[in-house]
Amino acid sequence: MRTLKKNSALLSLNTATLGHRSPLEKVVDAAARKGFGSIVPWRRDLEGRSVEMLARHIRDAGLNVNALCRSTYFPQPTPELRKDALEDNKRALETAAILGADCYVLVVGSLTGGSKDLAGARQQVKDGVSELLDTAEKLGVPLALEPLHPMTAGDRSCLNTLGQALNWCDELDPDNRGCLGVAVDVYHLWWDEGLERDIARAGMNNRILGYHVSDWLVPTLDLVTDRGMMGDGVIDLPGIRRWVEQAGYQGSVEVEIFSSENWWQRDEEQVLETCIDRITRLC
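Per the working numbering, residue 18 is the first one in the sequence shown, and the count goes up by one each step.
1) Check whether the Cβ atoms of leucine 165 and asparagine 177 sit closer than 9 Å, and answer yes or no.
2) Let's test the definition: count the other Cβ atoms within 10 Å of the Cβ of glycine 79 and tell me whether it reaches 16, buried, or not, exposed.
3) Can you have a look at threonine 95 and say buried or exposed, based on whether 16 or more other CB atoms are within 10 angstroms of its CB?
4) Report all residues from its chain with a CB closer than 6 Å to the CB of tyrosine 90; omit the five preceding and five following residues, and keep chain order.
5) Just to check my reading of the structure: alanine 217 and alanine 161 have Cβ atoms closer than 8 Å, yes? What is that Cβ distance to the nearest angstrom?
6) I'd like the list of long-range same chain contacts for isoleucine 293, defined as Cβ closer than 8 Å, with 5 residues on each side in sequence excluded.
7) Find the nearest neighbour of lysine 143 within the set Ala114, Gln93, Lys133 and Gly157, judged by alpha-carbon distance.
8) Starting from tyrosine 204 and walking both ways along the alpha helix (DSSP H), at which residues does that stretch end?
9) Indicate whether alanine 153 and cysteine 196 have their beta-carbon atoms separated by less than 9 Å.
10) Under 8 Å by Cβ, that's how I've got glycine 36 and tryptophan 281 pegged, so tell me the actual separation to the nearest angstrom.
11) Going straight from the alpha carbon of asparagine 83 to that of isoleucine 56, what length do you get?
12) Should aspartate 215 be labelled buried (16 or more other beta-carbon atoms within 10 Å of its own) or exposed?
13) Among residues of its own chain, excluding the 5 on either side of glycine 145, which ones have a beta-carbon nearer than 6 Å to its beta-carbon?
14) When DSSP labels each residue in this structure, what does serine 29 get in the three-state scheme?
15) Please report the distance separating the alpha-carbon of alanine 170 from that of leucine 128.
16) Which residues mark the beginning and the end of the beta strand (DSSP E) in which glycine 227 is found?
17) Looking only at its own chain, which residues have a Cβ that is under 8 Å from the Cβ of leucine 116, when we skip the five neighbours before and after it?
18) Can you tell me which of the three DSSP states cysteine 196 falls into?
19) Could you spell out the range, first to last residue, of the alpha helix (DSSP H) harbouring leucine 103?
20) Just curious, the alpha helix (DSSP H) that valine 15 is in, first and last residue?
21) Given a threshold of 16 other Cβ atoms within 10 Å of its Cβ, counted over all protein chains shown, does glutamine 141 qualify as buried or as exposed?
22) Below 8 Å on the Cβ atoms is my contact criterion, and I expect cysteine 175 with alanine 138 to pass it. Report the Cβ-Cβ distance as a whole number of Å.
23) CA-CA distance, valine 270 and glycine 131?
24) In whole angstroms, give me the CA-to-CA distance for tryptophan 233 and alanine 114.
25) Measuring only the C-alpha atoms, how far is aspartate 9 from alanine 49?
26) Does the beta-carbon of asparagine 106 have 16 or more other beta-carbons within 10 angstroms, so that it is buried, or is it exposed?
27) Closer than 7 Å by C-beta to aspartate 46: which residues in its own chain qualify, once you throw out the five before and the five after it? Chain order, please.
28) Quick one: is leucine 189 near chain B, going by C-beta distance under 9 Å?
29) Just to confirm, are tyrosine 228 and arginine 258 a CB contact at a threshold of 9 Å?
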């Protein structure tokens with residue numbers, strides 16, 4: 018496997034790891050200082066700000082933007098709201114292009130308004146992604162489908178396995194135009210007995226656009242905001258990275274930790290130092 022120690026080009030910080038407490042400029046400067054080579058901002062980090070100025074600040078700090086998080090949910094209770102969501106995602110793609118982001122992460126959404134029609138929600142997602150493909154290709158910002166753990170199937174994501182995401186890629190982008198792929202997040206996928214096979218399949222089609230690390234705590238106190246720091250849980254992080262790199266992935270290792278009662282309460286400098294240490298020693 019690639020050596021991560023002192024290799025900033027391979028280390029990426031998702032800004033959610035710090036809990037969105039500080040302005041993006043401060044996070045960018047701290048990340049660069051600690052040894053990260055890339056950053057993944059969330060759209061909330063950009064609200065009311067000049068995207069052009071922020072993009073310049075990121076470049077001046079020597080960082081790459083390896084993704085923009087995240088999409089507006091595609092399933093909506095009315096056709097008008099579905100259209101609004103699609104237009105919002107198109108605007109986000111334009112923002113991602115200004116930032117020079119390597120991809121736009123799609124967390125797709127699921128059931129709405131008391132619906133139990135999971136198949137219908139999935140069709141709405143596929144219809145919406147299909148509508149975005151031309152814009153993504155035109156702007157040069159690929160769409161990264163991110164499957165989430167099945168615990169989220171009722172609200173946050175009706176896309177729940179890597180194999181399912183790859184099936185959608187094949188269905189929506191059969192010619193593999195380079196504008197649709199997947200993000201492999203260990204927190205959401207570590208449990209899947211077909212993961213090694215599906216990572217290899219993704220690599221064969223050059224579909225892996227991102228690789229996210231954290232850890233699964235036992236017990237987990239909150240299924241969304243109690244992710245563990247790498248090494249504090251039960252995920253075989255080196256094993257999964259080995260599969261991803263054997264599949265041909267050469268991008269960054271992105272730390273993405275939602276931890277409202279632990280890491281989001283700690284000093285940001287300490288969090289960044291711990292992330293660097295854990296990524297380089299344990300991932």
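All C-beta atoms, glycine included, are put in the ideal place defined by N, C-alpha and C. From a predicted model like this one, the values you see are computed outputs, not experimental measurements.
Taking the structure as given:
1) Yes.
2) It counts as exposed.
3) Threonine 95 should be labelled exposed.
4) Excluding positions up to five away in sequence, the list reads Gly126.
5) Rounded, the Cβ-Cβ distance is 18 Å, inconsistent with contact.
6) These residues qualify, in order along the chain: Leu28, Lys51, Gly52 and Phe53.
7) When each option's Cα is compared against that of lysine 143, the closest is Gln93.
8) First-last of the alpha helix (DSSP H) with tyrosine 204: 203-206.
9) With respect to the 9 Å criterion, alanine 153 and cysteine 196 are classified as neighbours on the basis of their beta carbons.
10) Indeed, because the Cβ distance is near 3 Å, the residues count as touching under 8 Å.
11) Asparagine 83 and isoleucine 56: Cα-Cα distance of roughly 6 Å.
12) With 16 or more Cβ atoms within 10 Å of its Cβ, aspartate 215 is classed as buried.
13) Closer than 6 Å at the Cβ level, and outside the excluded window around glycine 145, lie Phe91 and Leu103.
14) Of the three classes helix, strand and coil, the one that applies to serine 29 here is strand, per DSSP.
15) Straight-line measurement puts the Cα of leucine 128 at about 8 Å from the Cα of alanine 170.
16) Counting along the chain, glycine 227 sits inside the beta strand (DSSP E) bounded by residues 225-230.
17) Answer for leucine 116: Pro58, Val68, Leu71, Ala72, Ile75, Val82 and Leu85, listed in chain order.
18) Coil.
19) According to the DSSP assignment, leucine 103 belongs to the alpha helix (DSSP H) that extends over 96-116.
20) Residue 15 falls outside the range modelled here, since the chain spans only 18 to 300, and no answer is possible.
21) Its Cβ being crowded by 16 or more others within 10 Å, glutamine 141 is buried.
22) Contact flag correct, Cβ pair sits at about 5 Å.
23) Straight-line Cα distance between these residues: approximately 37 Å.
24) Straight across, the Cα-Cα distance linking tryptophan 233 with alanine 114 is about 33 Å.
25) Only positions 18 to 300 of the chain appear in this structure, which leaves residue 9 out of reach.
26) Its Cβ being crowded by 16 or more others within 10 Å, asparagine 106 is buried.
27) The residues are Ala78.
28) Among the chains in the structure shown there is no chain B, since it carries only a single protein chain.
29) Contact flag set, yes.
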